[in-house]
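Notes to accompany the following structure.
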Amino acid sequence: MNLTQAFRELVQIGITLTSQQDLGTLLERILTEARRFTRAEAGTLFLREGDLLHFSVVQNDRLAKELGEEEMRRRLKAEPLHVRELSLAGHVALTGDTLNLHDTYMIPPDQPYAFDPRVDARVSYRTQSILVVPLQDPTHNILGVLELINALDRSRVVPFDSQYESLVRSLASQAAVALRNARLEDLSFKDALTDVYNRRYFSIRMEEEFKRHSRFGEPLSLALMDLDHFKEVNDRLGHRAGDEVLRDVAQ
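Our numbering applies: residue 8 is where the sequence shown begins, and numbers increase by one.
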């Protein structure tokens, strides 16, 4: 794919991303499209929450074939990274820089970042070439980090072409805007105290399910639960205790 064609596709992808409101689907799409552009065998998308980077999406074609999708994701699951650690993703989240490394195992020791080989060792994999870009919105907030791993030329691992850095960075910026919008949409559907879906979301889903029931004749059922004696908890122990009860029930 030449750059002209790639930038043309980038516009269409941006439109698709901004129309996607489901956060999980959006994150998978971001990583899938970035890998397609760069012919990356694998990739990881981190979301930033404060000073921590959480592994949100992991894709690896080779390991998925060898282990299966579920087992691959289980083995690649890792603890959150601190942005001030020497990790590649942490460095990018902190500085906003782009890293394009030909071989992660050959990083000079005087660099302000380092590659952690423990995940590779756990799954018998070798992360060689890597392209790491920030998910940065127009206000320069870094919402996450995109790691693309092992660019392929047929079946051979090669460095990521530098001419695609700006392309991936543009995709990441569009993704950051879409991510911010999806998070805002998600917040509008969830109760701030319990993090469960609110009445607005319930009404929308009920309408969708009723239409599907009418169209396809599928069974439709609804279960409701009442919290007995909740008013007594508030009256006797106060609203803080009542809030704790609601959180516990929501879990």
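Just so you know, even glycine gets a beta-carbon here, dropped at the ideal spot from N, CA and C.
Predicted model, so just to flag it, every value in this text is computed and none were measured.
| task | Compute the Euclidean distance between the alpha carbons of T105 and L231, then round it to the nearest angstrom. | result | 50 Å
Handout entry: Buried/exposed call for E40, threshold 16 Cβ in 10 Å
Key = buried
Discussion item. For K238, which residues in the same chain have their Cβ closer than 8 Å to its Cβ, ignoring the five residues on either side in sequence?
Written reply: none
Exercise. With distances taken from CA atoms, which of P119, M113, D123 and G103 is nearest A179?
Worked result: G103
Contacts around L234, its chain only, beta-carbon distance under 7 Å, and the 5 residues preceding and following it disregarded: V256
Would the beta-carbon of I156 fall within 8 Å of that of T134?
-> yes
ask   = Any contact of the segment 162-180 with the segment 133-153, i.e. 3+ C-beta pairs under 8 Å?
value = yes
Notebook entry, point to check: With distances taken from CA atoms, which of L93, R55 and N107 is nearest P116?
Noted result: L93
Neighbourhood of M79 by C-beta distance below 7 Å, restricted to the same chain and skipping five residues each side
N67, L70 and A71
- Looking only at C-alpha atoms, which of L159, L101 and S131 sits nearest to R43? L159
What would DSSP say about S63, mapped onto helix, strand or coil? strand
Short check: CB of L60 to CB of V152, under 8 Å?
yes
Check: Relative to the C-alpha of L101, which residue among F167, S169, R55 and F223 is closest?
Finding: R55
Residue closest to R163, alpha-carbon to alpha-carbon, out of L30, R46, G31 and S228: R46
Considering only residues of the same chain and omitting the five flanking positions on each side of H220, which have a CB-CB separation below 7 Å?
-> L227
Cβ neighbours of R129 in the same chain (closer than 7 Å, five flanking residues each side left out) = R82
Does T146 have its Cβ less than 8 Å from a Cβ in chain C?
Judged by its chain identifiers, the structure shown contains no chain C, having just a single protein chain.
> A49: buried (16+ other C-beta within 10 angstroms of its C-beta) or exposed?
Replying inline: buried
Measure the alpha-carbon distance for R247 versus F209 and round it to whole angstroms.
26 Å
_Using the three-state DSSP reduction, which class does N148 fall into: helix, strand or coil?_
coil
Assign H98 to one of two classes, buried (16 or more other C-beta atoms within 10 Å of its C-beta) or exposed (fewer than that).
buried
*Length of the line joining the Cα atoms of Y132 and V165*: 16 Å
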